[in-house]
Amino acid sequence: MPAMRHFIRQRPAQLYFLGLILILIGAWSIEATGSYVPMALASSAALLLSVPLVRQRIGRLKAAAARR
Numbered sequence: 001m002p003a004m005r006h007f008i009r010q011r012p013a014q015l016y017f018l019g020l021i022l023i024l025i026g027a028w029s030i031e032a033t034g035s036y037v038p039m040a041l042a043s044s045a046a047l048l049l050s051v052p053l054v055r056q057r058i059g060r061l062k063a064a065a066a067r068r
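Rendered as structure tokens:
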């Protein structure tokens, strides 16, 4: 479990989880307001918040490939 704790404490992972929470809030707001606009905004924010995590993973893959 130490590896999972380390992953969760990293800033890119925290931003990714924030994006997931925004998607859940957006889904709830569809039911509350009857409009899809909040869900569209939440999903856009989640996509933007996941970029640092994707960049980090790509960087690690490139570093591992360079070590070979």
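Residue numbers for the sequence shown follow my numbering, beginning at 1 and rising by one. From the three backbone atoms N, C-alpha and C, an ideal C-beta is built for every residue, glycine too. These numbers were taken from a predicted model, which means no experiment stands behind them.
query	result
Own chain, CB closer than 8 angstroms to Leu-20, minus 5 neighbours either side, in chain order	Ala-46
Member of Ile-30, Glu-31, Pro-12 whose CA lies at the smallest distance from the CA of Gly-59	Pro-12
Euclidean distance between Cα positions of Val-37 and Leu-53	26 angstroms
Cα-Cα separation between Arg-68 and Pro-2, rounded to whole angstroms	27 angstroms
Of the residues Val-51, Gly-26, Phe-17, Ser-50, the one placed nearest Ala-40, counting alpha carbons only	Gly-26
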